[in-house]
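*Asks:* Mind having a look at this structure? Questions to follow.
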Amino acid sequence: YTMNQSINTTGTCLTVNANNITINMAGFNMTGDNNSASDYGVSISGGYNQTTVKNGKIYNFGAGIYSVKGYNGNFTNLTILATGDFGDGSTTYGIYLSGDNNSIIDNNISDIVNLALTSDNFAYGIYLSSNSNNIIKDNILNGIWGDTSANIKHGSGIVLSSSSNNTLTNNNIWNCSTTSAGCLYFSNGDNNTITGGIINKSSTALGLIYLETNSDNNIFKDIQLIGATKNDTFLTATSVNNTFTNVSYN
Numbered sequence: 074y075t076m077n078q079s080i081n082t083t084g085t086c087l088t089v090n091a092n093n094i095t096i097n098m099a100g101f102n103m104t105g106d107n108n109s110a111s112d113y114g115v116s117i118s119g120g121y122n123q124t125t126v127k128n129g130k131i132y133n134f135g136a137g138i139y140s141v142k143g144y145n146g147n148f149t150n151l152t153i154l155a156t157g158d159f160g161d162g163s164t165t166y167g168i169y170l171s172g173d174n175n176s177i178i179d180n181n182i183s184d185i186v187n188l189a190l191t192s193d194n195f196a197y198g199i200y201l202s203s204n205s206n207n208i209i210k211d212n213i214l215n216g217i218w219g220d221t222s223a224n225i226k227h228g229s230g231i232v233l234s235s236s237s238n239n240t241l242t243n244n245n246i247w248n249c250s251t252t253s254a255g256c257l258y259f260s261n262g263d264n265n266t267i268t269g270g271i272i273n274k275s276s277t278a279l280g281l282i283y284l285e286t287n288s289d290n291n292i293f294k295d296i297q298l299i300g301a302t303k304n305d306t307f308l309t310a311t312s313v314n315n316t317f318t319n320v321s322y323n
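When we follow the working numbering, the leftmost residue of the sequence shown carries the number 74, and every step to the right adds one.
Here you go:
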């Protein structure tokens, strides 16, 4: 399927209900109304596989891409932005994935800002949940913020939650804000390899890289860490056997 015009909507824009679907946005936009965390740019919630979304801009949804238990997807050359009040206690994502063997390559995920009034709101650029063997490469994540109206802010560029054997290469994370996590945040994330890229300018109280709760045997190499307000890296006592090689700290 190739788009031939931009789409404005007040709900989810496109829902995938089959395997082997390609959506070529062809430079056009999908635009939501930035007021609900359950509205998605592209929803792949039924466990469908081999979905490709590429070459366009996705604005103002609770998640630009929301994929549950989908395998072998490809999400490439997308610009994803979302700034708005998505509801108290809500979570906003650039890309959310819970399936294996997906590729997230060459995307610009910026200004993911959840403006809801409580202090329990979250914003994430790329979020991997309970999955493995994904490739995240050459992405820019800039300005990932949670609740900006209170001192408690929850915003992480890339999160690996109960996710293992993923490969992250040359991703740049700028301007994240969190007091409960890190710009690059692992929780029960094991055997992942992170190579290259810059993590810069965080107001986090924990770390630019934060490994929490049994995040073991991860490899970090050739990464620049710049502009932390407190810690460049923060590892909890239950996260062991992690390797940092040629990582620069400033």
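Where a beta carbon is used, it is the ideal one built from N, C-alpha and C, also for glycine.
Since we're looking at a predicted model, the values are computed, not measured.
Write down the C-beta distance between Tyr144 and Tyr166 rounded to the nearest angstrom, noting that I regard them as a contact closer than 8 Å.
*Replies:* Numbered from its first residue, the sequence shown carries residue 144 at position 71. Numbered from its first residue, the sequence shown carries residue 166 at position 93. About 19 Å separates the Cβ atoms of Tyr144 and Tyr166, ruling out a contact at the 8 Å cut-off.
*Asks:* Quick one: give me the first and last residue of the beta strand (DSSP E) that Ser234 is part of.
*Replies:* Reading the sequence shown from its first residue, position 161 is the one you call residue 234. Run containing Ser234: 228-234, per the beta strand (DSSP E) assignment.
*Asks:* Starting from Lys127, follow its DSSP beta bridges and name the residues at the other end.
*Replies:* For the purposes of this step, residue 127 is taken as the residue at position 54 of the sequence shown. BP columns for Lys127 point to Asn97, Thr149.
*Asks:* Which of the three DSSP states, helix, strand or coil, is assigned to Tyr258?
*Replies:* On the sequence shown, residue 258 is found 185 positions in, with the first residue counted as 1. Under the three-state reduction of DSSP, Tyr258 is assigned to strand.
*Asks:* What does a CB cutoff of less than 6 Å around Gly216 pick up in its chain, not counting 5 residues either side in sequence?
*Replies:* Position 143 of the sequence shown holds residue 216. Excluding sequence neighbours, Gly216 sits near Ser183, Asp184, Asn248.
*Asks:* On a Cα-Cα basis, can you pick out the residue from Asn323, Phe195, Phe317, Asn287 that is closest to Thr52?
*Replies:* Residue 52 cannot be examined here, being either before or after the span of the chain that is shown, 74 to 323.
*Asks:* To the nearest angstrom, report how far apart Leu201 and Gly100 are at their CA atoms.
*Replies:* Position 128 of the sequence shown, counting from 1, holds the residue named residue 201. Position 27 of the sequence shown, counting from 1, holds the residue named residue 100. Using only the alpha carbons, I get a separation of about 26 Å.
*Asks:* Do Gly105 and Asn77 have their beta-carbon atoms positioned less than 7 Å apart in this structure?
*Replies:* Along the sequence shown, one-based indexing puts residue 77 at 4. Along the sequence shown, one-based indexing puts residue 105 at 32. No; because the gap between Cβ atoms is not below 7 Å, this pair is not in contact.
*Asks:* In the DSSP assignment, what residue or residues form a beta bridge with Leu284?
*Replies:* In the sequence shown, counting from the first residue as 1, residue 284 sits at position 211. Partner(s): Phe259, Leu308.
*Asks:* Straight-line CA distance for Val89 to Thr302?
*Replies:* The count along the sequence shown starts at 1 and reaches residue 89 at position 16. The count along the sequence shown starts at 1 and reaches residue 302 at position 229. For Val89 and Thr302, the distance between alpha carbons rounds to 42 Å.
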